[in-house]
Amino acid sequence: MTESSILSLPNTVSSVLPIDVILNGDCISELKKLPDRSVDLVFADPPYNLQLAQELWRPNLTLVDAVDDEWDQFENFSAYDDFSRKWLTECRRILKPDGTLWVIGSYHNIFRVGTILQDIGYWILNDIIWIKHNPMPNFRGVRFTNAHETLIWAQKEKGSPYTFNHHAMKALNEDLQMRSDWNLAICSGGERLKKDGKKLHPTQKPEALLYRVLLASTVVGDIVLDPFFGTGTTGAVAKRLHRHYIGIERDPDYVAAARERIENVYQVEFNPPIFVTPDPRKETRIPFGSLLENELLKAGQRLFFGPTGEVTAQVLSDGSLEYTRQTGSIHQIAKLIRQGPVNGWDAWFYLDPDTSERRSINDLRMMIRKMQIPGKE
Ligand SMILES: C[S@@+](CC[C@H](N)C(=O)[O-])C[C@H]1O[C@@H](n2cnc3c(N)ncnc32)[C@H](O)[C@@H]1O
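Numbered per our numbering, the sequence shown spans residues -8 to 368.
Below you can see the structure in the form of structure tokens.
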């Protein structure tokens, strides 16, 4: 969905779907007020139900600032499961049919949450392990250092189309396919919100984590719902990436802190080439023959196989190539020469008459694409 299409949402929807707001209240009752099938993504960082039985002390006798907040307390597993089932069910109702949901958790809760979300109809797409560069040690030395959290990524309905920006993820990872183990530091330093020198929130997530989640699974203008908004990390990153957010948080102090934080986020002016990674699978198909029709290449001209080397083929007037008395498409002839699968657009090069240098025929395809966009020369 584009940013302009959000702005032109029918009034009936936009009047009941608040956008770029933080709703102060209990998530179950606030979720119940939101319309069916209206958001593109849910990111949820729910209470972990850590059940800390005693205070944690470091060897130097300082007290560990652990998560012992009232919002993380549940009477027993059954109470936690009831709560999880309720918010997951509401989120599923509010998600669009092609929407997806992310939940982050630790071993204390993620397996329970995973079972429930499968039971109520979500379909798991991935689980991601967030490996923390700088985890808290196990001070008592009785277990392994807990150095990761798990994210579950699930779609509302099995088999529906959904957004996964494979090319953006690959580009973010220096042209290697992004894997399911993510190495990211915990939130610290200037990013960590503080009050009177102390952490404002015990579990503020790093923006880098949300950046990857939103870049992978939303497009510009999408609406992201976070029912456990805390300090508003999801909203801050959504604003940076030109996505919309709806946050729900029951603690008014966190709501105020999140509002101020998002207000101060610097948003680079929207410009499609900066925020939209082109997806070749969605681009208009350009047949090789268009290069001849548009006089970017001429019949009889020779193309080179690769940026170096002496192998060439001749361009025929119908857009096929001739190579050693065999004719075929740019893909067929490239496959014949390579003796294996190859995309002809990447394989063939022409001689630029101005510079006498070889250039990829992909550059010519891009010129035609630009000619097809209204207003572009
Ligand atoms: C794990 S923290 C989320 C932290 C957040 N991701 C961030 O980066 O700051 C969970 C948050 O959910 C809130 N919360 C817990 N139970 C809630 C409920 N029933 N309704 C709304 N908010 C709730 C807590 O106050 C807490 O801020």
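We treat Cβ as the ideally placed atom computed from N, Cα and C, and that holds for glycine.
The model shown is predicted, which means the values in this text are computed figures rather than measured ones.
- Short of 6 angstroms from the beta carbon of Arg293, and not among the five residues preceding or following it, lie these beta carbons of its own chain, in chain order: Thr303 and Gln305.
- With a cutoff of 7 angstroms, Pro38 counts as near ligand 1, since its C-beta is closer than that to a heavy atom of the ligand.
- Contact holds between the region 4 to 24 and the region 239 to 251, because three or more Cβ pairs, one in each stretch, are under 8 angstroms apart.
- Nearest neighbour of Glu240 by Cα position, chosen from Ser281, Phe220 and Ser29, turns out to be Phe220.
- For Thr318, the secondary structure class from DSSP, reduced to helix, strand or coil, is strand.
- For a cut-off of 8 angstroms, the C-beta gap from Asn137 to Asn40 is around 15 angstroms, too long to register as a contact.
- Shown here, Asn174 sits in a strand according to DSSP, grouped into three states.
- Of the other Cβ atoms in all chains shown, fewer than 16 fall within 10 Å of the Cβ of Gln363; this residue is therefore exposed.
- Per the DSSP secondary-structure output, Gly238 pairs in a beta bridge with Ile13 and Asp217.
- Of the candidates Phe266, Phe65 and Phe155, the residue whose Cα lies closest to the Cα of Ser208 is Phe155.
- With a cut-off of 8 angstroms on Cβ pairs, the region 250 to 257 is in contact with the region 220 to 240, counting three or more such pairs.
- Distance from the Cα of Gly112 is smallest, within the candidate group Phe130, Leu79 and Pro126, for Leu79.
- Distances from the CA of Ser20 to each of Phe74, Gly212 and Pro197 were compared; the closest alpha carbon is that of Phe74.
- It is roughly 39 angstroms from the alpha-carbon of Val211 to the alpha-carbon of Pro128.
- For the region 266 to 344, the continuous alpha helix (DSSP H) assignments of 4+ residues that do not extend past its boundaries occur at 280 to 284, 321 to 329 and 335 to 338, in sequence order.
- As DSSP reads the structure, Asn117 sits in a beta bridge with Trp144.
- In the DSSP assignment, the residues bridged to Val94 are Ala35 and Ile143.
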